[in-house]
Amino acid sequence: MKQKRTIIIAVIVALLALIGGMAVYMLKVTGEDVYFTGVHVESLDMSGLTKEEAKDKFDTYWNSLLATEVEIKIGEDTEKMTLGELGLTLTNTDILEEAYNLGREGNVLKRFFQIKKMEKEPTVCSLQVELDKDQEEKALTEKTKSYERKKKNATLTRKDGKFVVKDEVNGLAINYTDSIEKLADQVKNNWSDRKAFSFEMTVEIDKPEYTAQIMNQIQDKLGTYATDYGTSASGRKQNVARGAKYINGTILYPGQSFSVYDTVAPFTSERGYALAGAYENGKTVQSMGGGICQVSTTLYNAVIRAELQVDERSPHSMTVSYVPRSADAAIAGTYKDLKFTNNTELPIYIEGSTDGSTIRFTIWGKETRPSNREIEIVSETTSSTSPRIKEEKDDTLEEGKTKILEQGRTGYTAKLWKIVKIDGKQTEKILLNTSSYSSTPTRVAVGTKKKEEEKEKKEQENKTTEQGKETEKTTEKSQETSEAEE
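According to the numbering used here, the sequence shown is numbered sequentially starting from 695.
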């Protein structure tokens, strides 16, 4: 019994000693206003730091996080941004207070064991971060929007008699909704190492249909034609050259249509045009851009030889001298135009050139027509109408004389045929168009002026008659006087 009592007293003494030791220890460690040993905020050891010291240390750390670089990948391009620019935000803003309270909450026993545990194994408080959505969207858009682009087909130009091909460009569109969501998730849930990282934007690549490989196939001459304008006035020469320049270099993709008027108009001095002769209501007048019809006509003849699809073509009101009848293509306002479509399976290239006397158009593409097949373009005049005579009185021209003021034009109707030959033998005769050209009258001046000798004789007769009348008046007056006197 005595032994048992001794054991109990020993245990009580031990417990009192333990409690006393704990009290002394707790009094010692809690006597200072500092973080307990083993308290970490992420990688920051806050042991023994005051709240002010801990805040300074944390602020330096937070600024380093804001300065963390993110490599933004946009397709094959990259940009760099900081998380601060992207709106990095701390959501558990009380983390320093949370860390400070470790070992300070609960009963003494609980606090004691927590403090002792942290001395052996640090307790880490983790930051909870996210990106401010509005700031993230604004920053990403401003930094990467310029990388969006529309797709571009490969192009070609002709220089020194050779084609130069420029590579295609892939189109790129950024899916900002998906990209913003993915980046925000990565920062919030998958950025525990707090290191710089790379992020790939969600992009959609739009590949062009016509690549450099395709454009390199455009090497064959499908159709060509030239007309002469060497005797034209300077203004007309200028217009022909200008029109050819606007058309030169045109690339027409399969199924794409071309309008000459839309390409060469408007006809202004600012676009390099001058006044020159043009048809208007059956007469030749000075018009800005006069002569542009020779441009469209020359192109039309190249087009039909390339056997492209002609959608619209009109004849002139009167015949022209630089092509056979029905082989012309007039341009007049928006009601007469030359339009055609590339009906081949590959792009075509239109080359136009002038040298001061000859204008030429050549249609380049990939030749798919059989080598033993050839075409011939034939003009057929189907009727003619001689010009009528239109007389105009002229009092400056002697009576009986005439003078031609303006030579009339013969009117015609005509057809244009495409003759197809295989191995030199005609297999088809295809009507391309029919045309009607107005006749204009020959204006003739008819003299109404009397001859000089007849005029003088008439004047003399008139003078004699007047003198006779005066004599009769004098005689009558003398008789009246005599009668009065009598």
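We treat Cβ as the ideally placed atom computed from N, Cα and C, and that holds for glycine.
Three-state secondary structure assigned by DSSP to residue i
i	result
residue 997	helix
residue 980	strand
residue 1127	strand
residue 823	strand
residue 747	helix
residue 830	helix
residue 1040	coil
residue 1138	strand
residue 755	helix
residue 770	coil
residue 909	helix
residue 973	strand
residue 895	coil
residue 932	helix
residue 880	helix
residue 1104	coil
residue 812	helix
residue 1251	A question about residue 1251 goes unanswered here, because the residues of the chain that appear run from 695 up to 1180.
residue 846	strand
Reference residue i, options the options, closest by Cα
i	options	result
residue 1119	1068, 1064, 1037 and 893	1068
residue 827	843, 876, 810 and 809	876
residue 799	769, 963, 835 and 730	730
residue 984	1002, 867, 1006 and 1026	1026
residue 903	749, 1041 and 1058	1041
residue 940	912, 1055 and 971	1055
residue 764	947, 745 and 893	893
residue 1030	801, 1038, 999 and 990	990
residue 1053	819, 750 and 925	925
residue 1032	992, 1061 and 842	992
residue 728	738, 794 and 749	794
residue 938	1074, 987 and 736	987
residue 932	896, 1051, 833 and 814	1051
residue 1062	907, 935 and 1000	1000
residue 845	852, 891, 905 and 881	905
residue 1066	1114, 960, 957 and 1058	1114
Rounded separation between residue i and residue j - CA only
i	j	result
residue 1107	residue 1020	8 angstroms
residue 721	residue 762	Because residue 721 sits at a pLDDT of 45, beneath the cut-off of 50, its placement in the model cannot be relied upon, and the following sentence gives the value as read from the coordinates. The alpha-carbon atoms of residue 721 and residue 762 are separated by roughly 42 angstroms.
residue 1064	residue 1004	21 angstroms
residue 838	residue 773	8 angstroms
residue 1089	residue 1144	9 angstroms
residue 1147	residue 1012	Caution applies to residue 1147, whose pLDDT of 49 falls short of 50 and renders its modelled position unreliable; the value that the coordinates give is listed next. Going from the Cα of residue 1147 to the Cα of residue 1012 covers about 46 angstroms.
residue 981	residue 831	57 angstroms
residue 786	residue 802	27 angstroms
residue 719	residue 791	Low per-residue confidence applies at residue 719: pLDDT is 45, beneath 50, and the placement is therefore not dependable, though the value from the model is reported in the following sentence. Distance between the alpha carbons of residue 719 and residue 791: 23 angstroms.
residue 810	residue 769	53 angstroms
residue 885	residue 807	32 angstroms
residue 743	residue 820	18 angstroms
residue 1141	residue 1100	16 angstroms
residue 1022	residue 870	55 angstroms
residue 1046	residue 954	13 angstroms
residue 717	residue 888	The pLDDT assigned to residue 717 is 48, lower than 50, so where the model puts this residue is not dependable, and the model offers no usable value.
residue 1075	residue 1132	14 angstroms
residue 916	residue 1043	10 angstroms
residue 930	residue 1038	34 angstroms
residue 943	residue 1082	46 angstroms
residue 757	residue 788	17 angstroms
residue 843	residue 867	7 angstroms
residue 872	residue 834	12 angstroms
residue 766	residue 775	7 angstroms
residue 1002	residue 1049	26 angstroms
residue 891	residue 883	14 angstroms
residue 1103	residue 1016	16 angstroms
Residue i beta carbon near the ligand COA (any heavy atom closer than 7 angstroms)
i	result
residue 864	Looking for the ligand COA in the displayed structure turns up nothing, as the structure carries no ligands at all.
According to DSSP, residues forming a beta bridge with residue i
i	result
residue 926	Partner(s): none; residue 926 has no beta bridge.
residue 675	Examination of residue 675 is not possible in this model, given that the chain is present from 695 through 1180 alone.
residue 920	1054
residue 1003	1035
residue 953	1033
residue 865	900
residue 1073	1110
residue 1047	1054
residue 1068	1115
residue 1143	1092
residue 857	852
residue 1012	BP columns for residue 1012 are empty, so no partner.
Interface flag, residue i vs chain C, CB-CB below 8 angstroms
i	result
residue 759	In the structure shown, chain C cannot be found, because there is only a single protein chain.
Checklist entry - Do the segment 876 to 889 and the segment 855 to 865 meet, that is, are 3 or more Cβ pairs less than 8 angstroms apart? => result no
Next on the checklist: With a threshold of 8 angstroms, are at least 3 pairs of Cβ atoms found where one atom belongs to the segment 818 to 836 and the other to the segment 776 to 790?
Outcome noted: Yes, they touch.
Item to check | At least three beta-carbon pairs within less than 8 angstroms, the segment 1082 to 1094 to the segment 1111 to 1131 | outcome: The segment 1082 to 1094 vs the segment 1111 to 1131: no contact.
Next on the checklist: Below 8 angstroms, how does it come out for the segment 965 to 974 and the segment 910 to 924: are there three or more Cβ pairs, yes or no?
Outcome noted: no
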